[in-house]
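Comments concern the structure below.
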Amino acid sequence: MKHYSMTIAGKAVDSSEVITVVNPATSAPLATAPDCSTEQLDEAVSSARAAYPGWRATSDSERRQVLKEAAGVLVANADELIRLLTSEQGKPHDEARVEIMGSAYWLSSLADMEIPVEVNEDTAERRSETRHVPIGVVAGISPWNFPVFLSFWKIAPALRAGNTMVLKPSPFTPLTMLRIGELLSGVIPDGVLNIISGGDALGPKVTAHPGIDKISFTGSTATGKRVMASAAADLKRVTLELGGNDAAIIMPDVDVDAVAKDLFWAAFRNSAQICIATKRMYVHEAIYDRLAKALTEYTQTVKMGDGSEQGTELGPVQNKLQYDRVVEIIKDCKDRGFRFLTGGDVAQDSPGYFIPVTIVDNPPEDSRVVQEEAFGPILPLIKFSEVEDVIARANASEYGLAGSVWSADTDAALSIAARLETGTVWINEVQHLTPFQAFAGHKQSGLGVENGLGGLLEYTVPQTITVKPAKAA
Ligand code: NAD
Numbered sequence: 247m248k249h250y251s252m253t254i255a256g257k258a259v260d261s262s263e264v265i266t267v268v269n270p271a272t273s274a275p276l277a278t279a280p281d282c283s284t285e286q287l288d289e290a291v292s293s294a295r296a297a298y299p300g301w302r303a304t305s306d307s308e309r310r311q312v313l314k315e316a317a318g319v320l321v322a323n324a325d326e327l328i329r330l331l332t333s334e335q336g337k338p339h340d341e342a343r344v345e346i347m348g349s350a351y352w353l354s355s356l357a358d359m360e361i362p363v364e365v366n367e368d369t370a371e372r373r374s375e376t377r378h379v380p381i382g383v384v385a386g387i388s389p390w391n392f393p394v395f396l397s398f399w400k401i402a403p404a405l406r407a408g409n410t411m412v413l414k415p416s417p418f419t420p421l422t423m424l425r426i427g428e429l430l431s432g433v434i435p436d437g438v439l440n441i442i443s444g445g446d447a448l449g450p451k452v453t454a455h456p457g458i459d460k461i462s463f464t465g466s467t468a469t470g471k472r473v474m475a476s477a478a479a480d481l482k483r484v485t486l487e488l489g490g491n492d493a494a495i496i497m498p499d500v501d502v503d504a505v506a507k508d509l510f511w512a513a514f515r516n517s518a519q520i521c522i523a524t525k526r527m528y529v530h531e532a533i534y535d536r537l538a539k540a541l542t543e544y545t546q547t548v549k550m551g552d553g554s555e556q557g558t559e560l561g562p563v564q565n566k567l568q569y570d571r572v573v574e575i576i577k578d579c580k581d582r583g584f585r586f587l588t589g590g591d592v593a594q595d596s597p598g599y600f601i602p603v604t605i606v607d608n609p610p611e612d613s614r615v616v617q618e619e620a621f622g623p624i625l626p627l628i629k630f631s632e633v634e635d636v637i638a639r640a641n642a643s644e645y646g647l648a649g650s651v652w653s654a655d656t657d658a659a660l661s662i663a664a665r666l667e668t669g670t671v672w673i674n675e676v677q678h679l680t681p682f683q684a685f686a687g688h689k690q691s692g693l694g695v696e697n698g699l700g701g702l703l704e705y706t707v708p709q710t711i712t713v714k715p716a717k718a719a
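Residues 247 to 719 (this note's numbering) make up the sequence shown, in order.
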């Protein structure tokens, strides 16, 4: 079986213990990766610590250049990385391509971004300015749904701002980031970006490590709380991007046939394993039946299968734990007698973690399928009649990641958007993200911000310097 190595201080590093990564389309073992020991974690942190003064001292233009070159490495090796990402994550090749190219785009965009200096006072008496200086060693911890993209959301701003890093991808999907670590070792100076892998025990060791100054974490809300508690011991800075239960509100004036396809993908892209997937679809009663029919019909046209096969549009659920969780929610729907518009029957004995697209017909608000983040291809389609009521229902969640409003009347949609308690609201689209646009979770969906200038500044601390002219003798 193929084996991948960690990158520590610019060198390929292996460990005596390994973790096995499974291809979710076949449920067969795919490759092995090192299970980083405590000593190796110490080495990774020490190497980031040793590289920090040199990297911090590089000029802005040198750092920009390194980020651009790193983007070039991703593009030059895209075909290999796409195949590897599909085999460990399950997503179709086209989606894997978007992830690799998107990561390259984030790197080059961050290279172009300016870190401002704020002048607070500029008088004959004094000049005062606030600079944004790097923090030190950043730990990046990423999830399995977008193992590369969400890692680069951290790597690009952290390195751009002058920090060094230890990155730990999810144990379910470490391979593509390990391979990228190898490919980048000739481009990024030794120790500036260390990539390690390991099982469940590694994450808590990373967050507790005294040599780390900041943690940038993307994952579930439950884990995010543990990360924050662990960071409190020595007041590490944290950025947390956590779970969501995004509502889409579909107003009666939409053109049902024109939006059905977009609404399908809003919920099911990446087999619904997106933090900002539509996870509750509230449809006005006047168009509910028509939209239910259009979604059901469109579902029949979508090909689910092994992401490496031509024409596959939806892959499997990424891992057995998540698969079991979605199966359990489907079972709960059955036990409570809910009707399925499509799906609901999971083949028990075929290989791979495949769950058919499942749409539940108007389940009650208090059901698990409405209240919980399933993070898999099951969607509750829910009827509403009053705008006030649907806003209240959309907001009645501990999450506040994102949401969307679909309407021909932009002003009406905007007034609903303003009342949603989420970090992003899209109108007539979802999941539009750019390196220049803030992305932040409200409530228990996160702390801090990624992307935009605010996201870049999360990898800095302010330093105010005042200069008073020296007194003449
Ligand atoms: P997870 O919380 O189980 O794991 C995320 C990462 O944290 C993994 O690398 C894991 O190994 C590590 N980890 C686990 N326990 C840890 C601990 N105690 N200390 C430190 N690290 C630990 O999440 P997941 O299942 O990989 O990802 C799915 C979740 O991520 C969903 O809830 C989804 O909504 C969320 N997510 C959020 C965003 C966002 O930007 N807001 C993006 C993608 C996914």
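Note that beta-carbon positions come from the ideal geometry of N, C-alpha and C, so glycine has one too.
Per DSSP, Met-411 is one residue of the beta strand (DSSP E) stretching across 410 to 414. Collapsing the DSSP output to three states places Gln-709 in a strand.
The Cβ-Cβ distance between Leu-287 and Val-502 does not fall below 8 Å.
CA-CA distance, Met-252 to Ala-271, rounds to 25 Å.
In the DSSP annotation of this structure, Ser-307 is not part of any beta strand (DSSP E); the continuous alpha helix (DSSP H) holding it starts and ends at 306 to 322. By the beta-carbon neighbour count (other beta carbons within 10 angstroms, threshold 16), His-678 is exposed.
When the beta-carbon positions are compared, Met-474 and Trp-652 stay at least 8 Å from each other. When secondary structure is reduced to three states using DSSP, Ala-513 falls in the helix class. The DSSP-derived three-state label of Met-247 is coil. DSSP places Tyr-599 outside both helix and strand once states are collapsed to three, so it counts as coil. Burial check for Asn-366: the Cβ neighbour count within 10 Å stays below 16, so the residue is exposed.
For Gln-311, the closest alpha carbon among the candidates Gln-519, Ser-355 and Arg-536 is that of Ser-355. His-455 counts as buried, since at least 16 other C-beta atoms from the protein chains shown sit within 10 angstroms of its C-beta.
Pairwise C-beta distances place the segment 518 to 526 in contact with the segment 619 to 628, as three or more of them are shorter than 8 Å.
When beta bridges are read from the DSSP output, Leu-486 appears opposite Phe-463 and Leu-693.
Judged by DSSP in its simplified three-state form, Pro-403 adopts helix. For Ser-650, DSSP records a beta bridge to Ala-494 and Trp-672.
By the criterion of a C-beta distance shorter than 7 Å, Asp-446 is surrounded in its chain by Pro-417, once the five residues flanking it on both sides are discounted. At least one heavy atom of the ligand NAD lies less than 7 Å from the C-beta of Cys-521. The residue among Ile-361, Tyr-599, Arg-372 and Phe-514 with its C-alpha nearest the C-alpha of His-378 is Ile-361. Contact between the segment 549 to 563 and the segment 592 to 602 is present, with at least three C-beta pairs closer than 8 Å.
Residue range 585 to 588 is occupied by the beta strand (DSSP E) that includes Thr-588. Val-606 places its beta carbon 8 Å or farther from that of Arg-526.
Lys-257 is bridged by DSSP to Ile-254. Taking C-beta atoms as the reference points, Ala-317 and Leu-353 count as a pair closer than 8 Å.
A distance of 8 Å or more separates the beta carbons of Ser-283 and Gly-437. Going by DSSP, Pro-380 is part of the beta strand (DSSP E) stretching over 373 to 380.
Excluding the 5 residues flanking it on each side, Ser-262 has no same chain C-beta neighbour closer than 6 Å.
When beta bridges are read from the DSSP output, Ala-385 appears opposite Val-412 and Ile-461.
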